[in-house]
Amino acid sequence: MAKSAIQKIAMNPSENIAYDKLVLSQENVRRIKDGVTIEQLADDIGRRKLLQSLNVRPVLDGDGKETGTFEVPAGGRRYLALGILVKQKRLAKNEPIPCIVNRSGTTTAEEDSLAENVHRENLHPLDQFRAFKALREQGLDVEEIGARFFVSAATVKQRLRLASVSPKLLELYEKDEIRLEQIMAFSISDDHVRQEQVWERITNNPNMQEPYYIRRLLTETTVRADDRRAVYVGAEAYEAAGGVILRDLFEQDSGGWFQDAALLEQLVFEKLEVDAEAVRADGWKWVEAAISFPYGHTSGMWRVYAEPAEMSTEEIARYDAVKAEYDALDTKYAEMEDADQEIEDKLDQLGAELDAFSDRPQVYDPAQKGIAGAFVTLGATGQLQIEPGFVRPEDEPRVETGDYDEEAGGGDRNPSQSDDDSASGVAVNGRSVNGASDTVEEPEDEGIKPLPERLVFDLTAQKTLALRNALASDVDVAFVTVLHALVLQVFYRFSKDSCLEINMVSNSFGQVQGLAETPWAKEITERHEAWDRDMPDSDKLWEFLLGLDEASRKALFAHCASLSLNAVVEPWNKRPGALAHADALAATLQFDMVEAGWAPTVDNYLGRVTKARIIQAVREARGEDSAQLIDHMKKDLMAREAARLLEGSNWLPEPLRLAGDDAVAEAAEAVTNEMTDEAALDGDAAELPAFLADDTGTSPDEPVSVAGEEPDHLQAAE
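Sequential numbering of the sequence shown, starting at 8, is according to the working numbering.
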């Protein structure tokens with residue numbers, strides 16, 4: 008049997024039709040403006056001409072004959088864009104327009120309009136990235152590319168950056184095995200080998216495939232641009248030395264990441280040495296420079312401070328004249344009944360001049376610089392921080408007698424005793440042997456001999472007991488006496504000018520990392536320096552303390568006493584009684600670490616304990632349901648999420664709780680007994696972000712791709 012002939016398809020003819028013979032069809036299905044605006048499309052047509060013909064149908068009269076006019080059901084935006092060019096007189100009204108003319112009548116105008124829009128496939132983002140790259144290689148800069156396709160230069164840079172990702176990863180993206188957001192995260196680094204290593208590391212673990220985690224792995228050996236070392240050196244100097252800065256064009260990166268941490272450290276030390284040398288050239292005996300110093304690094308040193316520069320004879324005369332004029336004018340103005348703006352302005356002028364005399368530059372005595380030094384380090388925000396005026400014990404002025412030698416240099420802040428002033432007493436008319444004086448009989452006519460040492464001891468013992476009894480009866484004087492002893496030990500390291508045998512120990516805990524940056528350490532340092540500036544020479548300290556008002560004396564006493572407090576649990580030095588006293592003291596003060604500002608973070612607790620401890624903390628603070636939300640996570644991710652969940656919970660680890668907090672202790676014990684070793688291997692808390700709680704690992708903020716579609720912000724414009 009003969010086969011029937013297949014009917015061949017005949018294409019609709021293409022014709023050039025004058026623009027003024029075209030009208031927009033009311034059957035065009037596009038009603039909502041989307042994508043490139045009509046104005047931008049007109050500019051594009053003006054640059055490259057029409058790339059796609061219009062789909063038109065002849066307009067028929069009542070008899071079914073063509074009228075010579077054609078309606079445009081598909082391509083309406085192009086028609087309107089051509090109309091703008093006609094209005095701008097850039098296009099003639101009768102300019103022939105390429106059109107596909109449908110006279111078959113087999114489909115309706117609405118169907119043609121719908122088919123043109125529905126059957127159009129948007130350009131895959133990867134194709135767009137590669138196309139931008141090709142244009143860049145042809146010599147177009149990013150601004151020109153952006154202008155031609157009506158996108159910002161930043162958008163072009165983003166597309167070009169994505170095109171620089173490892174070809175292996177781009178191939179996976181092309182196959183929809185990697186999401187666009189992941190490719191964006193990989194683009195932070197230009198190292199294809201490292202990109203592929205990270206992908207291999209996370210490929211079998213959905214919890215590690217979030218974009219933020221990819222960025223973290225790619226930058227884990229780098230230094231953030233807002234780190235104090237990076238701020239101190241500066242991006243320009245770092246790049247001039249050959250360093251590379253990784254930038255994230257898709258997220259806020261605060262300046263990026265300095266890739267070569269070793270190079271950055273080298274530049275920091277080199278610059279610190281230059282700055283330290285400049286400080287040393289100012290006359291200091293020594294200068295010690297480091298990125299940071301441990302808390303208590305100045306322990307055992309005393310400090311000298313700058314004083315306002317002395318005024319010259321001319322300045323003193325000018326000050327006296329201004330002060331006299333100000334006082335006279337102020338007295339006159341006080342007696343006036345009505346306000347006088349001219350006098351007020353003059354008083355302001357004179358007051359500002361007097362303030363300038365008071366705010367004189369602070370200078371150090373050259374003699375003090377000769378025995379003191381300075382610490383040069385970096386502040387928290389990367390600024391150079393200079394701490395001058397510290398005197399090391401070996402550089403402190405020494406004297407050969409009990410009297411202070413004023414020519415030894417500087418104030419009498421740490422006088423030392425004479426080597427001859429031993430515990431056994433002062434040698435008398437001979438040598439001191441084992442604490443006993445080997446005296447030689449002298450003729451009576453040579454004068455009165457010194458009293459025997461034994462007699463002196465007996466007499467002064469009686470004096471001591473009597474003085475103790477008298478001191479015990481006067482609380483106020485006893486307070487000042489103890490304060491005097493404490494201040495000598497806190498501010499005058501080597502002074503022995505107190506009759507009280509009270510010893511105070513103050514541990515600096517310099518081995519604790521980051522302790523100097525805590526708010527408590529900063530407040531103590533500021534308070535100590537404020538008192539230190541007011542301290543007189545040690546021989547004038549007693550009068551100084553008596554001259555203080557009661558509130559100041561008590562504040563100074565509390566400061567000195569507080570520095571001896573030690574509630575540290577030391578494995579080599581068990582002090583159960585002392586630690587119990589610390590808890591009792593805290594309870595009396597109504598002290599609480601939460602109110603003091605402590606909160607669990609990755610650095611101070613969560614990142615330094617086991618996963619079991621992390622889960623326990625979340626369970627205690629937020630409950631079992633919260634803990635189960637994170638028990639599947641890796642430790643580093645778990646620690647970060649636990650820190651977020653514990654915010655505002657007032658939770659404290661056991662060492663920071665008061666011994667009397669029975670409720671917390673019982674809850675912790677119950678949780679500990681309830682947990683098994685296996686259950687203790689994972690954990691976090693309360694409400695997690697959806698992308699962590701969801702098994703798909705998709706962020707709610709991430710655009711989700713449907714088959715054949717891409718996120719709107721990356722679709723190619725028609």
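Virtual Cβ for every residue (Gly too), placed ideally from N, Cα, C.
Counting the other CB atoms within 10 Å of its CB gives residue 584 a total below 16, which places it among the exposed residues. Listed in chain order, the non-local C-beta contacts of residue 608 below 6 Å within the same chain comprise 650, local neighbours out to five positions each way being set aside.
Under DSSP, residue 106 forms a beta bridge with 22 and 61. DSSP places residue 380 in the strand class (E or B) of the three-state scheme. Secondary structure within the stretch 257 to 332: the beta strand (DSSP E) runs of 3 or more consecutive residues, fully enclosed, are 293 to 296 (chain order). Shown here, residue 525 sits in coil according to DSSP, grouped into three states, outside any helix or strand. The continuous beta strand (DSSP E) containing residue 30 extends over residues 29 to 31.
In the three-state reduction of the DSSP assignment, residue 76 falls in the strand class. The DSSP-derived three-state label of residue 396 is strand.
Apart from the 5 residues on each side of it in sequence, residue 658 sits with its Cβ closer than 8 Å to the Cβ of 607, 624, 627 and 628 in its chain, given in chain order.
According to the DSSP secondary-structure assignment, residue 252 is paired through a beta bridge with 265. Within the same chain, 290 come within 7 Å of residue 373 by CB-CB distance, once the 5 residues on both sides are set aside. Ranking 45, 75 and 15 by CA distance to the CA of residue 26 puts 75 first. Beta-bridge annotation (DSSP): residue 370 is paired with 314. In this structure, the beta-carbon distance from residue 85 to residue 57 falls below 8 Å. Of the candidates 494, 603, 610 and 544, the residue whose Cα lies closest to the Cα of residue 568 is 494.
Less than 8 Å separates the beta-carbon of residue 397 from that of residue 305. When rounded, the separation of the alpha-carbon atoms in residue 187 and residue 161 is 18 Å. An exposed status is given to residue 598, since fewer than 16 other beta-carbon atoms sit within 10 Å of its beta-carbon.
DSSP, read as helix, strand or coil, puts residue 37 in coil. Taking C-beta atoms under 8 Å as the contact rule, residue 172 and residue 193 qualify, at a distance of about 5 Å. Residue 551 and residue 595 have their C-alpha atoms roughly 31 Å apart.
Selection 345, 91, 325 and 134 evaluated against residue 365 yields 325 as nearest (Cα-Cα).
For the 8 Å CB-CB criterion, residue 351 and residue 329 do not form a contact. With a threshold of 16 other beta carbon atoms within 10 Å, residue 506 falls short and is exposed.
C-alpha of residue 564 to C-alpha of residue 487: approximately 9 Å in a straight line.
Just measuring C-alpha positions, the residue of 386, 383, 378 and 655 sitting nearest residue 400 is 378. Around the beta carbon of residue 88, 16 or more other beta carbons lie within 10 angstroms, which makes this residue buried. Using a 10 angstroms sphere on the CB of residue 219, the tally of other CB atoms stays under 16, which defines it as exposed. Going by DSSP, residue 185 is part of no alpha helix (DSSP H) at all; its letter is neither H nor E. Annotation for residue 496: 511 place their beta carbon closer than 6 Å to its own, counting only its chain and skipping 5 residues before and after. Residue environment analysis places residue 558 among the exposed positions, since fewer than 16 neighbouring C-beta atoms fall within 10 angstroms of its C-beta. As DSSP reads the structure, residue 230 sits in a beta bridge with 265. Setting aside the 5 residues that flank it on each side, residue 31 is surrounded in the same chain by 78, 79, 83, 86 and 87, each with a C-beta closer than 8 Å to its C-beta; the list follows chain order. Within its own chain, the residues whose Cβ lies closer than 6 Å to the Cβ of residue 21, once the five positions on either side in sequence are excluded, are 107, listed in chain order. Considering only 48, 316, 528 and 33, the residue with the shortest C-alpha distance to residue 157 is 48.
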